[in-house]
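Colleague: Pasting a structure here, questions to come.
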Ligand SMILES: [Zn+2]
């Protein structure tokens, strides 16, 4: 059966808006897009009157951790809970993400390979959730940041082995840790981690399997190492300097800002339960993080949206808060939407199938009441999300009940 959404405001993901458009969905794909006055709706189609509504591509979050639950002490929680409980929680987080209009996520660090079992369960229709492109375990140095969701390695041979193990388990992307972090005690965000040789070995082993590498880096020295090693994206890019910014632009490396991660942590009071060391680090870096984002945006560095959902008080299902933060720091609402659709799909390497609403693409889309180009925060208002479609089926919102 064909589904026809007609007379709708269409934000197609490329940066263009079309008023009074019609979108036809047949099977799992978009079969036609065009002006409502000329595009014929086939007989027997299910019609959705789009007047007053906006349709946009299913949103893409390029940086989540489905295994983390947004608790104040995520490291302590993972250490004390059974892996099976973590997996059940991950499934619930996946559903919350889909309900929020996010039809694809890149999961850049999980406690174990059960993330790939969740991915299979979702792809087969057993459980509701977004498409997952997962990294499995993040690859870090011995004693390095993110080891609670990572595999610790020493030397290039172990790096290659760890990369291949993630790919063999189902990884669609490889995550490396190129600097210290906020949540791991006794690591400094400003200090580089893993050597140039190790990072290069990771990129090389990933390339052999046609996978891209995402590098966690707060400090500029870690960013530089990762960029020169050939990674595809810098996650956080908190303390960006001019040199690292120039390199990112020259090599077309994406910034995935994760503004929500530092902001939600830094907004907490000392008694909130976040370990003191993490709170101090986040508070010290927030302002510089905002400046890094602004200079990257003004300097024309490619930006793809990511929240780091799962970190303290940065909850799954609240992912659209990141668009509000990006707009508050100078992006237009349209730029924030492109960063969360077409640009995100390009970063992940799935732009041939998702990220834009054009003929032949997978029918992943969101139907909203109101206009996010005027008020970006409608994306976070659940009452305004009338339907989330994944692969041609409305999977949540009132339109899924019809
Ligand atoms: Zn992260």
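Numbering (the working numbering), first residue to last: 3 to 404. Just so you know, even glycine gets a beta-carbon here, dropped at the ideal spot from N, CA and C.
According to the neighbour-count rule (16 or more other Cβ atoms, all chains shown, within 10 Å of its Cβ), is residue 385 buried or exposed?
Modeller: Here the question's residue 385 lines up with position 383 in the chain shown. By the 10 Å Cβ count, residue 385 comes out exposed.
Colleague: Identify every residue that forms a DSSP beta bridge with residue 1.
Modeller: Here the chain has residues from 3 to 404 only, and residue 1 is not among them.
Colleague: Nearest to residue 169 by CA position, among 91, 155, 222 and 215, is which residue?
Modeller: Position 167 of the chain shown holds residue 169. Cα-wise, what sits closest to residue 169 is 215.
Colleague: Spatial neighbours of residue 301 within its chain, please: CB distance less than 7 Å, with the 5 preceding and 5 following residues excluded, ordered by chain position.
Modeller: As a position in the chain shown, residue 301 is number 299, starting the count at 1. Only 247 and 251 meet the Cβ criterion.
Colleague: Given 7 Å as the limit, tell me if residue 67 has its C-beta closer than that to any heavy atom belonging to ligand 2.
Modeller: Only ligand 1 can be found as ligands here, which leaves ligand 2 out of the picture.
Colleague: I'd like to know whether the C-beta atoms of residue 239 and residue 198 end up nearer to each other than 8 Å.
Modeller: By one-based count along the chain shown, residue 239 stands at place 237. By one-based count along the chain shown, residue 198 stands at place 196. In this structure, residue 198 does not lie closer than 8 Å to residue 239 by Cβ.
Colleague: Could you have a look at residue 213 and say whether DSSP puts it in helix, strand or coil?
Modeller: As a first step, residue 213 must be located in the chain shown, where it is residue number 211. Residue state, collapsed to three classes: coil.
Colleague: Over the uninterrupted beta strand (DSSP E) stretch that includes residue 108, give me the two end residues.
Modeller: Here residue 108 is taken as the residue at index 106 of the chain shown, counted from 1. Looking at the DSSP string, the run of the beta strand (DSSP E) that includes residue 108 is 104-109.
Colleague: Just grab the DSSP bridge partners of residue 181 for me.
Modeller: Walking along the chain shown from the start, residue 181 turns up at place 179. In DSSP, residue 181 forms a bridge with 194.
Colleague: How many whole angstroms separate the CB atoms of residue 339 and residue 13, which I take to be in contact at a CB cut-off of 8 Å?
Modeller: Here the question's residue 339 lines up with position 337 in the chain shown. Here the question's residue 13 lines up with position 11 in the chain shown. 6 Å between Cβ atoms; contact.
Colleague: Would you call residue 268 buried or exposed, if buried means 16 or more other Cβ atoms sit within 10 Å of its Cβ?
Modeller: On the chain shown, position 266 is the one that residue 268 refers to. Buried, by the Cβ-count rule.
Colleague: Whose CA, out of 190, 348 and 277, lies closest to the CA of residue 258?
Modeller: Within the chain shown, the letter at position 256 stands for residue 258. Nearest C-alpha to residue 258: 348.
Colleague: To which residues does DSSP link residue 62 through a beta bridge?
Modeller: The residue labelled residue 62 in the question sits at position 60 within the chain shown. DSSP output for residue 62 lists 106 as bridge partner(s).
Colleague: Contact check, residue 32 vs residue 360 under 8 Å by CB: the rounded distance?
Modeller: Position 30 of the chain shown, counted from the start, is the residue given in the question as residue 32. Position 358 of the chain shown, counted from the start, is the residue given in the question as residue 360. Right, their Cβ atoms sit about 7 Å apart.
Colleague: Is it true that the segment 139-157 meets the segment 119-130, where meeting means three or more beta-carbon pairs spaced less than 8 Å apart?
Modeller: No contact exists between the segment 139-157 and the segment 119-130.
Colleague: Taking all protein chains shown into account, do 16 or more other C-beta atoms lie within 10 angstroms of the C-beta of residue 404, making it buried, or fewer, making it exposed?
Modeller: Translated into the one-based positions of the chain shown, residue 404 becomes position 402. Residue 404 should be labelled exposed.
Colleague: Taking the beta carbon of residue 381 as the centre, do at least 16 other beta carbons fall within 10 Å, making it buried, or is it exposed?
Modeller: Position 379 of the chain shown, counting from 1, holds the residue named residue 381. Per the 10 Å Cβ criterion, buried.
Colleague: Count the other CB atoms within 10 Å of the CB of residue 200; is the residue buried (16 or more) or exposed (fewer)?
Modeller: Taking the chain shown and counting its residues from 1, the one referred to as residue 200 is at position 198. Flag for residue 200 reads buried.
Colleague: Can you name, in chain order, every residue of its own chain whose Cβ lies under 6 Å from the Cβ of residue 70, other than the five neighbours on each side?
Modeller: Position 68 of the chain shown, counted from the first residue, corresponds to residue 70. Excluding positions up to five away in sequence, the list reads 76 and 312.
Colleague: From residue 282 to residue 181, what does the alpha carbon distance come to, in whole angstroms?
Modeller: Taking the chain shown and counting its residues from 1, one reaches residue 282 at position 280. Taking the chain shown and counting its residues from 1, one reaches residue 181 at position 179. Their backbone Cα atoms lie some 17 Å apart in a straight line.
Colleague: Mind checking whether residue 299 and residue 332 have CB atoms under 8 Å apart?
Modeller: In the chain shown, residue 299 corresponds to position 297, counting from 1. In the chain shown, residue 332 corresponds to position 330, counting from 1. Contact: yes.
Colleague: In or out: residue 235 buried (at least 16 other Cβ within 10 Å) or exposed?
Modeller: As a working note, residue 235 is residue 233 in the chain shown. The residue in question, residue 235, is buried, as its Cβ has 16 or more Cβ neighbours within 10 Å.
Colleague: Cβ-heavy atom distance between residue 254 and ligand 1 below 7 Å?
Modeller: Along the chain shown, read from residue 1 onward, the residue named residue 254 stands at position 252. Result no, Cβ not under 7 Å from ligand 1.
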